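Colleague:
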Amino acid sequence: MLRLAGKEVSDKILEQLRGSIEELTAKGRVPTLGVLRVGAREDDLSYERGLKKKFEQAGAGVKVTELPLECTQQELDSAFDQMNKDDNIHGILVFRPLPKHLTDEHLIETIDPGKDSDFMDIRNMAGVLAGRKDAPAPCTAEAVMEIIHHYGIETKGKKAVVLGRSLVIGKPVAMLLITDNATVTVCHTKTQDIKAECQSADIIVACCGVAKMVTRDFVHEGQVILDVGMNVDENGKLCGDVDYDGVSEVASAITPVPGGVGTVTTAVLLRHVVNNCRLMHG
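Residue numbers in the sequence shown follow the working numbering, run continuously in steps of one, and reach 327 at the last position.
#1: Are His-151 and Asp-122 closer than 7 Å when you measure CB to CB?
#2: Report yes if the C-beta distance between Val-259 and Asp-286 is below 7 Å; otherwise report no.
#3: Contact defined as beta carbons within less than 8 Å: I believe Thr-328 pairs with Gly-176. What is the distance between those atoms, to the nearest angstrom?
#4: Going along the chain, which residues of its own chain have a beta-carbon closer than 6 Å to the beta-carbon of Asp-140, five neighbours each way excluded?
#5: Please list, in chain order, all residues of the same chain as Ser-245 whose beta carbon is under 7 Å from its beta carbon, the five residues on each side excluded.
#6: Can you name the residues that DSSP bridges to Val-83?
#7: Give me the Cα-Cα distance between Gly-32 and Ala-312, rounded to the nearest whole angstrom.
#8: Where Val-295 and Lys-257 are concerned, what is the direct C-alpha to C-alpha distance, given to the nearest angstrom?
#9: Along the chain, where does the beta strand (DSSP E) containing Ile-193 start, and where does it finish?
#10: Here's the rule I'm using: 16 or more other beta-carbon atoms within 10 Å means buried, otherwise exposed. How should Arg-316 be labelled?
#11: Enumerate, from N- to C-terminal direction, the unbroken beta strand (DSSP E) stretches of 3 or more residues contained entirely within the segment 264-326.
#12: I'd like to know whether the C-beta atoms of Gly-304 and Cys-252 end up nearer to each other than 7 Å.
#13: Starting from the C-beta of Thr-200, find all residues in its chain whose C-beta is less than 8 Å away, skip the five residues before and the five after it, and write them out in chain order.
#14: For the segment 106-121 against the segment 46-57, do three or more pairs of beta-carbon atoms, one drawn from each stretch, fall closer than 8 Å, so that the two count as touching?
#15: Quick one: grab the DSSP three-state call for Thr-260.
#16: In this structure, what does DSSP give as the bridge partners for Leu-47?
#17: Using only alpha-carbon positions, find the residue among Cys-232, Thr-77, Leu-212 that is nearest to Lys-97.
#18: For Leu-47, collect the residues of the same chain with a Cβ closer than 6 Å to its Cβ; drop the 5 residues on either side in sequence, then sort them by chain order.
#19: Tell me, which residues are paired with Ala-251 by DSSP?
#20: Which residue's Cα is closest to the Cα of Glu-67: Val-292, His-195, Gln-102, Ile-156?
#21: By how many angstroms is the C-alpha of Val-250 removed from the C-alpha of Val-318?
#22: Could you tell me if Thr-155 is buried or exposed, where buried requires 16 or more neighbouring beta carbons within 10 angstroms of its beta carbon?
#23: In whole angstroms, give me the CA-to-CA distance for Cys-184 and His-326.
#24: On the premise that Glu-93 lies in contact with Val-75, defined as a C-beta separation below 8 Å, what is that separation, rounded to the nearest angstrom?
#25: Only counting the same chain, and skipping five residues up and downstream in sequence, which positions put a Cβ closer than 7 Å to that of Cys-116?
#26: Give the DSSP-derived three-state secondary structure of Ile-198 in the structure shown.
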């Protein structure tokens, strides 16, 4: 079984960015990500700690704005507007889903497309939908494909099953896989017999947000499993959407959680911020 570790993929991306970051910093422009977080969910905090460490190591910056869980819509929108207008912030990341009493409508409608590092604005999805291989995609979807390409996983003519249909990962990763010549089935809460769909696949991308939903009986020998999930299990430990211990005994390759897709997602996010900074300041 091949463990699809994200670190070597991430390290490769960071090495490619090093020169650009040094060049921008020399001009007094530090590529900086603005993070907007409501509340303090442990999975959000874990990802935030990881991205701050990686950005700082690369010479980039992260500016976090934390709002209380009970904040109002006006407070959320105002904090977002400040980031959106700040010339020293070159990318914006909003932790979602937001609490149920809040909506991201204002954020999506007003975000500067040049700061839309994780592609909240549906217009920025056009390149992915059109199948342009040079088009940036939502960070997590792009990270999945970075892992696939780095480890030489064949997608042409293969059947891929995507568990989840969100705009953040499910739909865009499905489009990227189609562009890579895979035949894709997208499963969701209304899909009949998800287990059977998974059993028929060559590649499974698990992004449903349900801890350890994909168990050993969902898979067969030879499958490649990419676990996008970031959950907290009953023991308070981070885990994915896949039962790693059981599935890894059967699958031919699998990403761990933590240490898999999330690690690469952070590097892809940095790449988006660096590219945005270069476009804003030259």
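The beta carbon of each residue, even a glycine, is placed where N, CA and C say it ideally should be.
Only a predicted model underlies this, so the values are computations on that prediction, with no experimental measurement involved.
Modeller: Concretely, from the data shown:
#1: In this structure, His-151 sits near Asp-122, with a CB-CB distance shorter than 7 Å.
#2: Between Val-259 and Asp-286, the C-beta gap is smaller than 7 Å, which places the two residues in contact.
#3: Limits of the chain in this structure are 46 at one end and 327 at the other, which puts residue 328 out of reach.
#4: Strictly speaking, residue 140 in this sequence is Phe, with Asp absent from that position. Non-local C-beta neighbours of Phe-140 in its own chain, meaning closer than 6 Å and more than five positions away in sequence, comprise Arg-82, Asp-89, ordered along the chain.
#5: Within the same chain, Ser-245 has close Cβ partners Lys-204.
#6: Residue pairing for Val-83: DSSP places it in a beta bridge opposite Leu-112.
#7: Absent from the model: residue 32. The displayed extent of the chain is 46 to 327, so no value can be given.
#8: Computed Cα separation, rounded: 15 Å.
#9: For Ile-193, no beta strand (DSSP E) run applies; the uninterrupted alpha helix (DSSP H) run containing it begins and ends at 184-195, by DSSP.
#10: Burial call: buried.
#11: Runs of the beta strand (DSSP E) inside the segment 264-326: 269-272.
#12: One thing to note: Gly-304 has its Cβ no nearer than 7 Å to the Cβ of Cys-252.
#13: Taken in chain order, the residues that qualify are Ile-193, Leu-222, Asp-225, Asn-226, Ala-227, Ile-248.
#14: No, the segment 106-121 is not in contact with the segment 46-57.
#15: Here Thr-260 sits in coil by DSSP.
#16: As a beta-bridge residue in DSSP terms, Leu-47 pairs with Ala-298.
#17: Residue Thr-77 is the option with its Cα nearest to Lys-97.
#18: For Leu-47, same chain residues with a beta-carbon under 6 Å away, outside a window of 5 residues either side, are Ala-298 in chain order.
#19: DSSP lists Leu-208, Asp-272 as the beta-bridge partner residues of Ala-251.
#20: Comparing Cα-Cα distances from Glu-67 to each of Val-292, His-195, Gln-102, Ile-156, the minimum goes to Gln-102.
#21: Between Val-318 and Val-250, the C-alpha separation is close to 26 Å.
#22: Exposed, since its Cβ has fewer than 16 Cβ neighbours within 10 Å.
#23: Rounded to whole angstroms, Cys-184 to His-326 spans 22 Å at the Cα level.
#24: Not quite, the Cβ-Cβ distance comes to about 19 Å (not below 8 Å), so this is no contact.
#25: Answer for Cys-116: Val-83, listed in chain order.
#26: Coil at Ile-198, not helix or strand.
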